[in-house]
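Heads up: the structure comes next, in structure tokens.
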Amino acid sequence: MNQDENVIELDGLSKSYSRFRLEPVTMSFKQGYITGLVGPNGAGKSTLIKLIMGMAVPSSGGVKIFGRRMPERELEIKERIGYVSDECHYYEHLSIGAMKNVLAPFYSRWDEKQYSQLLERFELHPKSKIRSLSKGMKMKLSLAFALSHHADLLIMDEPTAGLDPVFRRELLDMLADFIQDDTRTIIFSTHVTTDLDRIADYIAFMNKGSLVFCDSKEEIFERYALVKADNSLLDRDTRGALLGIRETSVGFEGLSADRKEAERLFGGFAHIETPTLEDIMFYTAKGRSGAHV
């Protein structure tokens, strides 16, 4: 598989629960890049990852990983995946060392030396019971296991949850090092957009169970615009051109998904700048009804 080929392909993947529905998702994840899966809490990010990992049964659609269909080739596929989640999926009554003895035989490329180095780096003791670890330490343990078998694909669901700011930055640096091998791929789900500002190549944005877009970070920042101007510029046409609006007593701020159209509509009467990922997430979720301050 060469760089720019798709590591994961989703075809109409959906899931229905009694109070939530993940609308059909068709998208792909390219090899050799970090894709950030971003959106508010409850947007469907974790549901999508569980479907990719075979931890939930889809209502419709299918998943291909490394060109092979899930779940028919599940064991073969998962041997090449490192999975990190903010939920603990290990036997908590076991020690770290005992849990490693359970996991290691499933991976033909398990690297005992690397595993030991990661435990030392993360200040984890093999004899510690998993149930005695804090949420942040459990996340470090999950990361140690995921990075100890030379995975080709890292799938990370809210991996910075519970981490202190110092280790949070260290984790992002580790991921940047991991991706230096352009045969490796990372999917990174988070609602903290600053995690992705530093390291993501592509951004997939989800909201209310739907995929809004999946594009390169550069394309997103070129396309979207943050508009700041006097409230007198808001009328039916200008409101309709903005995805979301926040109004205050001194003016408004709004998000446009078409920078050129925003420049045409507002001309020199507005200040137009590049939004952050947080701006895009906030205004898309808020909608045109806006917020008044």
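Numbering (the numbering used here), first residue to last: 1244 to 1536. Heads up, the beta-carbon is just placed ideally off N, CA and C, and yes, glycines get one too. Quick caveat: nothing in here was measured; it's all calculated off a predicted structure.
Nearest to A1394 by alpha-carbon distance, out of E1413, S1371, D1424, is D1424.
Residue state for D1354 is assigned as coil, using DSSP reduced to three classes. For F1431, the enclosing beta strand (DSSP E) covers residues 1428-1433.
In terms of Cα proximity to S1391, the closest of D1254, G1379, P1348, S1432 is P1348. Cα atoms of F1421 and R1427: separation of roughly 7 Å, rounded to the nearest angstrom. By the criterion of at least three beta-carbon pairs nearer than 8 Å, the stretch 1450-1462 is not in contact with the stretch 1485-1492. Distance between T1519 and F1464, taken at the CA atoms: about 8 Å. In the three-state DSSP reduction, Y1445 falls in the strand class (E or B).
Secondary structure within the stretch 1370-1415: the beta strand (DSSP E) runs of 3 or more consecutive residues, fully enclosed, are 1396-1400 (chain order). By the Cβ-count criterion, V1300 is exposed, with fewer than 16 other Cβ atoms from all chains shown falling within 10 Å of its own Cβ. Per the coordinates, the alpha-carbon of V1268 lies some 6 Å from the alpha-carbon of S1257. Rounded to whole angstroms, L1294 and K1343 show a C-alpha spacing of 25 Å. Counted as a single uninterrupted DSSP element, the beta strand (DSSP E) harbouring M1270 occupies residues 1264-1273. Taking A1528 as the centre and dropping the five residues before and after it, the same chain places the C-beta of P1283, N1450 closer than 7 Å to its C-beta, in chain order. Apart from sequence neighbours up to five positions away, the residues of its chain that approach S1289 with a beta-carbon distance below 6 Å are D1400, ordered along the chain.
Between G1275 and A1443, the gap from beta carbon to beta carbon reaches 8 Å or more. When the five nearest sequence neighbours on each side are left out, the beta carbons in the same chain lying within less than 7 Å of the beta carbon of L1476 are those of F1509, F1512, A1513, in order along the chain. Boundaries of the alpha helix (DSSP H) harbouring E1461: 1460-1466, taken from the DSSP string.
Per DSSP, reduced to three states, the secondary structure at Y1526 is helical. D1254 sits in a strand when the DSSP states are folded into three classes.
Judged by DSSP in its simplified three-state form, N1450 adopts strand.
In the three-state scheme derived from DSSP, where H, G and I count as helix and E and B as strand, A1299 is classed as coil.
Closest by C-alpha distance to E1496, out of I1446, L1469, D1480, is L1469.
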